[in-house]
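Written below as structure tokens is the structure these notes are about.
2 protein chains.
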Amino acid sequence: MTTPAKNLANFSTLVPVGDDKDRLVCNDCGFIYYDNPKIIAGAVVTEGKKFLLCKRSIEPRIGYWTLPAGFMELGETPAEGAMREAYEEATAQILIKDILAIYTVKRISQVQIFFRASLASPDIKPGIESTDVDLFSWDEIPWDTLAFPSVHWALKHYREVEGKDNFAPFGNPEGWENV
Amino acid sequence: MTTPAKNLANFSTLVPVGDDKDRLVCNDCGFIYYDNPKIIAGAVVTEGKKFLLCKRSIEPRIGYWTLPAGFMELGETPAEGAMREAYEEATAQILIKDILAIYTVKRISQVQIFFRASLASPDIKPGIESTDVDLFSWDEIPWDTLAFPSVHWALKHYREVEGKDNFAPFGNPEGWENV
Numbered sequence: 017m018t019t020p021a022k023n024l025a026n027f028s029t030l031v032p033v034g035d036d037k038d039r040l041v042c043n044d045c046g047f048i049y050y051d052n053p054k055i056i057a058g059a060v061v062t063e064g065k066k067f068l069l070c071k072r073s074i075e076p077r078i079g080y081w082t083l084p085a086g087f088m089e090l091g092e093t094p095a096e097g098a099m100r101e102a103y104e105e106a107t108a109q110i111l112i113k114d115i116l117a118i119y120t121v122k123r124i125s126q127v128q129i130f131f132r133a134s135l136a137s138p139d140i141k142p143g144i145e146s147t148d149v150d151l152f153s154w155d156e157i158p159w160d161t162l163a164f165p166s167v168h169w170a171l172k173h174y175r176e177v178e179g180k181d182n183f184a185p186f187g188n189p190e191g192w193e194n195v
Numbered sequence: 017m018t019t020p021a022k023n024l025a026n027f028s029t030l031v032p033v034g035d036d037k038d039r040l041v042c043n044d045c046g047f048i049y050y051d052n053p054k055i056i057a058g059a060v061v062t063e064g065k066k067f068l069l070c071k072r073s074i075e076p077r078i079g080y081w082t083l084p085a086g087f088m089e090l091g092e093t094p095a096e097g098a099m100r101e102a103y104e105e106a107t108a109q110i111l112i113k114d115i116l117a118i119y120t121v122k123r124i125s126q127v128q129i130f131f132r133a134s135l136a137s138p139d140i141k142p143g144i145e146s147t148d149v150d151l152f153s154w155d156e157i158p159w160d161t162l163a164f165p166s167v168h169w170a171l172k173h174y175r176e177v178e179g180k181d182n183f184a185p186f187g188n189p190e191g192w193e194n195v
């Protein structure tokens, strides 16, 4: 994904009228780029006692295993975003159950909303962003080659509430609040 | 707030290489504007049995009462965003308790995260986005002049879980899923 920082030849940083923060403003047309946190929508998807993971075919963390998750698009709910991502990454049709966790990665201004979900059909195969998809029992999870800290967090938080309903969503684990 | 739609003389809509969706791309410099949903962070702030509301000095819904809430900024958590907004709108220092609700307003691609919070100090006064701030008992709440549907939702959801801890956050009320 191209980020604003990569190509800003035409933008200046200034405080627009009525604002109190620096924003990127196009020198040519005055367009104001409000760069706000983005939402990652994803899911811990289970089939019985197994967990769906996707091996990434793209950077960052190419070749590492991740939960299906990605940037929410305009006009969808977080749950719809998580469903779309599961389909794009693993052609997985999923049933959303509830919200497992809301993590924040401040360094990259991401709010990550993870749901609990189950596979609606056993048909999974790699989508364009994956080289492999598979179902792992807890003991088979490739812990050493998971793509991101929040993949660890979500899997472990999932286990903490297995069989429970109606709980407050988890946040970042202790000690990881300011990542 | 200026939105992208207001000033796009220099942008074209096209699908960048490696993407599958239309994005706004600057004709001059190739800058890709990834327009994703934005997060509103806010809080139902109580002081004893009273609720903090702010009378809006800005559009949209100027002159109507709202909960302190606003767009999350880069580098903060949703809770920090809600605390900042309470300070900006009502100079209120608040203590965040837990997540009350996560609403989605698909039409404007907003995800609204509302917390339960209490006033840490009785000192409140209108910030730059408010003409008035006040504490209302439940029966005093100006229901007919609340600014947004989600202000109604959050207040009513707050009442449903008064005295309860560790609950799943509310979503949009039934019948309001596709607003």
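Top to bottom, those sequences are chains A and B.
Numbering (my numbering) for the first sequence: 17 to 195.
Numbering (my numbering) for the second sequence: 17 to 195.
Note that beta-carbon positions come from the ideal geometry of N, C-alpha and C, so glycine has one too.
Residue environment: B/Thr29 is assigned as exposed (fewer than 16 neighbouring CB atoms within 10 Å of its CB, all protein chains considered). In the pairwise beta carbon analysis, the region 37–51 of chain A is classified as not touching the region 108–120 of chain A: fewer than three pairs are separated by under 8 Å. In the displayed model, A/Leu40 falls within a strand according to three-state DSSP. Here B/Pro158 has Trp81 as same chain residues with Cβ atoms under 6 Å from its own Cβ, once five neighbours each way along the sequence are excluded. Of the residues assessed, B/Pro138 falls on the exposed side of the cut-off, its CB having fewer than 16 other CB atoms within 10 angstroms. Annotation: the region 88–121 of chain B contains the following complete segments of the beta strand (DSSP E) (minimum length 3 residues), in chain order: 110–121. Listed in chain order, the non-local C-beta contacts of B/Pro84 below 7 Å within the same chain comprise Gly58, Ala59, Val61, Leu68, Cys70, Glu101, Ala102, Glu105, Ala106 and Ala108, local neighbours out to five positions each way being set aside.
In the pairwise beta carbon analysis, the region 47–57 of chain B is classified as not touching the region 136–150 of chain B: fewer than three pairs are separated by under 8 Å.
Just so you know, the alpha carbons of A/His168 and B/Ile78 end up roughly 45 Å apart. Residue contact check for A/Ala108 against chain B: no CB pair falls below 9 Å.
About 6 Å separates the CB atoms of B/Asn182 and A/Phe183; that is less than 8 Å, so the two are in contact. Along the length of the region 140–170 of chain B, whole alpha helix (DSSP H) runs at least 4 residues long do not occur.
Bounds of the beta strand (DSSP E) holding A/Gly58 are Lys54 to Glu63. A/Gly86 is bridged by DSSP to A/Ala57. Taking all protein chains shown into account, B/Thr93 has 16 or more neighbouring C-beta atoms within 10 Å of its C-beta and is therefore buried.
Listed along the chain, the chain B residues whose CB falls inside 9 Å of the CB of A/Ser125 are Met88, Glu89, Leu90, Gly91 and Glu92. A/Ile129 has its alpha-carbon roughly 14 Å from the corresponding atom of B/Gln126. When the alpha-carbon of A/Asp35 is set against those of B/Phe87, B/Arg123, B/Tyr119 and B/Val33, the nearest one is in B/Phe87.
Your pair B/Arg72 and B/Ser166 does not check out as a contact, with CB atoms roughly 14 Å apart and the cut at 8 Å. For the set A/Arg132, A/Tyr119, A/Phe47 and A/Val195, the Cα lying nearest the Cα of A/Val177 is the one of A/Arg132. Scanning its chain for C-beta atoms nearer than 8 Å, with the 5 sequence neighbours on each side dropped, one finds around B/Val195 the residues Val121, Lys122, Arg123, Pro165 and Asn188, in chain order. Between A/Glu193 and A/Ser134, the C-beta spacing is not below 9 Å.
At a C-beta separation below 9 Å, B/Thr120 has these neighbours in chain A: Glu92, Thr93, Pro94, Ala95 and Glu96. Shown in chain order are the members of the region 69–85 of chain A whose Cβ falls below 9 Å from a Cβ of chain B: Ile74.
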